[in-house]
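Heads up: the sequence shown begins at 182 in the numbering used here, then just goes up one per residue.
A virtual CB, placed ideally from N, CA and C, is assigned to each residue, including glycine.
See structure below.
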Amino acid sequence: MITVVGSLNMDLVVEAVKRPVQGETLLGTSFSTFPGGKGSNQAVAAARLGGNVNFVGSVGLDSFGKELQDHLIKEGIRIDYINVDSVQLTGVANIILAEGDNSIIVVPGANFSLSPSHVQKVNEVLSKSKMVIIQLEILPETVERVLELCQEHKVPVLLNPAPAASCTKKMIDMATYVTPNETECVEIFGGYSDEILKKYPNKLIVTLGETGAAYYDGAEIVQVSGCKTSVVDTTGAGDTFNGAFGFAISGGYAIKEAVQFANAAASLSVEKLGAQQGMPSLADVKRRLANSN
182 MITVVGSLNM
192 DLVVEAVKRP
202 VQGETLLGTS
212 FSTFPGGKGS
222 NQAVAAARLG
232 GNVNFVGSVG
242 LDSFGKELQD
252 HLIKEGIRID
262 YINVDSVQLT
272 GVANIILAEG
282 DNSIIVVPGA
292 NFSLSPSHVQ
302 KVNEVLSKSK
312 MVIIQLEILP
322 ETVERVLELC
332 QEHKVPVLLN
342 PAPAASCTKK
352 MIDMATYVTP
362 NETECVEIFG
372 GYSDEILKKY
382 PNKLIVTLGE
392 TGAAYYDGAE
402 IVQVSGCKTS
412 VVDTTGAGDT
422 FNGAFGFAIS
432 GGYAIKEAVQ
442 FANAAASLSV
452 EKLGAQQGMP
462 SLADVKRRLA
472 NSN
């Protein structure tokens with residue numbers, strides 16, 4: 182069983198030829214809404230692969246909150262541990278797709294209503310989990326409480342330290358796996374280098390986009406190549422990597438094989454618009470891996 186603790190957002194996606202500069206108004210080419218939030222994305226990624234997934238999070242009483250919960254149910258994810266806040270609105274992410282990349286502004290809303298006391302109430306489900314996946318779009322004190330509880334129960338935790346500004350040394354120390362991208366690694370550790378990887382053997386796994394990912398196995402730096410893909414939308418690629426990596430590790434994969442599996446899943450996810458639209462099935466990932474060899 183995998184338990185994901187994290188954010189639920191509705192993604193409001195605008196496509197345009199270019200990004201507006203300050204004070205400029207542009208006509209976009211399309212507008213769409215998609216279920217999102219790093220927590221939701223990672224839960225869906227793991228569930229699509231066949232994971233038995235619980236979700237711990239918070240939404241508002243508004244229509245977005247209901248839609249997001251219904252979506253998780255449809256994906257086969259249990260929502261018994263979602264808090265419904267009567268004051269705060271459900272979180273949203275405003276996403277601009279332009280010039281082959283994305284720019285995102287997140288409004289946390291009810292995600293910041295997920296408190297350490299709420300997490301305490303789900304202590305039992307955390308204790309029974311084979312893997313807990315968590316990110317930083319919820320309160321830092323809530324993240325730290327989850328890590329403390331999991332440490333008490335000796336449950337492995339995959340920490341995706343995004344947004345990086347919320348990451349603390351305490352979180353890094355308590356997590357089993359830490360998966361920043363290269364930019365986040367620089368913000369958290371002051372740089373990205375072999376020396377930094379060597380400080381966290383078999384723990385710090387840095388994702389490098391289409392290049393793949395890297396970590397230190399205690400003897401050498403391991404560079405795991407990415408898979409060739411046709412990029413439509415990179416939103417959610419990192420979340421797909423994390424959901425897939427957590428799924429693979431909880432299923433008994435060694436770290437290198439889990440990273441290869443996650444790279445393949447992420448390469449598939451970018452081939453469709455929206456964070457979750459392209460998240461693959463287990464069969465999809467196995468085919469991509471077979472064709473990459």
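N-terminal and C-terminal residue of the beta strand (DSSP E) that residue i is part of
i	result
Ala279	Gly272 to Ala279
Phe293	Unbroken run through Phe293: none, as it is neither H nor E.
Asp192	Asn190 to Glu196
Asn304	It is not in any beta strand (DSSP E) - Asn304 instead sits in the alpha helix (DSSP H) that spans Asn304 to Ser308.
Ser239	Val234 to Gly241
Leu339	Val338 to Leu340
Thr184	Ile183 to Val186
Asn283	Asp282 to Val288
Ile315	Met312 to Ile315
Asp398	Element bounds for Asp398: n/a, residue is neither H nor E.
Asn264	Arg259 to Asp266
Buried versus exposed call for residue i [16 or more other C-beta atoms within 10 Å across all chains shown]
i	result
Val475	No statement about residue 475 is possible, as the shown extent of the chain runs from 182 to 474 and does not include it.
Glu365	buried
Leu449	buried
Glu376	exposed
Gly281	exposed
Gln301	exposed
Thr214	exposed
Ala464	exposed
Ile353	buried
Ala274	buried
Asp251	exposed
Phe442	buried
Val336	buried
Lys467	exposed
Val451	buried
Gly371	exposed
Thr210	exposed
For residue i, the first and last residue of its enclosing alpha helix (DSSP H)
i	result
Gln404	Here Gln404 belongs to no alpha helix (DSSP H); instead the beta strand (DSSP E) covers Ile402 to Ser406.
Ser211	Taken as a continuous stretch (DSSP letters only), Ser211 belongs to no alpha helix (DSSP H), being part of the beta strand (DSSP E) at Ser211 to Gly217.
Leu470	Leu463 to Ser473
Leu378	Asp375 to Lys379
Ile319	Ile319 -> no alpha helix (DSSP H), and no H or E assigned at all.
Met355	Lys350 to Met355
Thr421	Ala418 to Ser431
Asp251	Ser244 to Lys255
Asn444	Ile436 to Ser450
Val367	Glu363 to Phe370
Rounded straight-line distance, which links the Cα of residue j to that of residue i
i	j	result
Lys255	Ile263	15 Å
Lys309	Asn472	36 Å
Val413	Gln223	19 Å
Asn304	Val185	13 Å
Gly390	Asn292	27 Å
Ile430	Ala226	14 Å
Glu318	Leu385	20 Å
Leu470	Ala447	12 Å
Tyr381	Gln269	38 Å
Leu242	Ile276	23 Å
Whole-number beta carbon distance between residue j and residue i, since they are thought to touch under 8 Å
i	j	result
Arg229	Met460	5 Å
Pro457	Gly217	According to the sequence as given, residue 457 is Gln; it is not Pro. Right, the Cβ-Cβ distance comes to about 7 Å (below 8 Å), so this counts as a contact.
Thr360	Asn283	Contact flag wrong, Cβ pair sits at about 19 Å.
Val387	Tyr397	About 10 Å separates the two Cβ atoms, so there is no contact after all.
Gln316	Gly187	5 Å
Ala345	Leu328	Actually they do not touch by this definition, with Cβ atoms about 16 Å apart.
Phe236	Met191	That pair is no contact at about 15 Å.
Leu340	Tyr358	7 Å
Leu193	Ser221	Actually they are not in contact, since the Cβ atoms of Leu193 and Ser221 sit about 15 Å apart, beyond 8 Å.
- Task: Examine the Cβ distances between the segment 198-214 and the segment 433-451 and report whether three or more of them are shorter than 8 Å.
- Result: no
- Message: Closer than 8 Å is the cut-off here; do at least three beta carbon pairs connect the segment 320-334 with the segment 282-301?
- Response: yes
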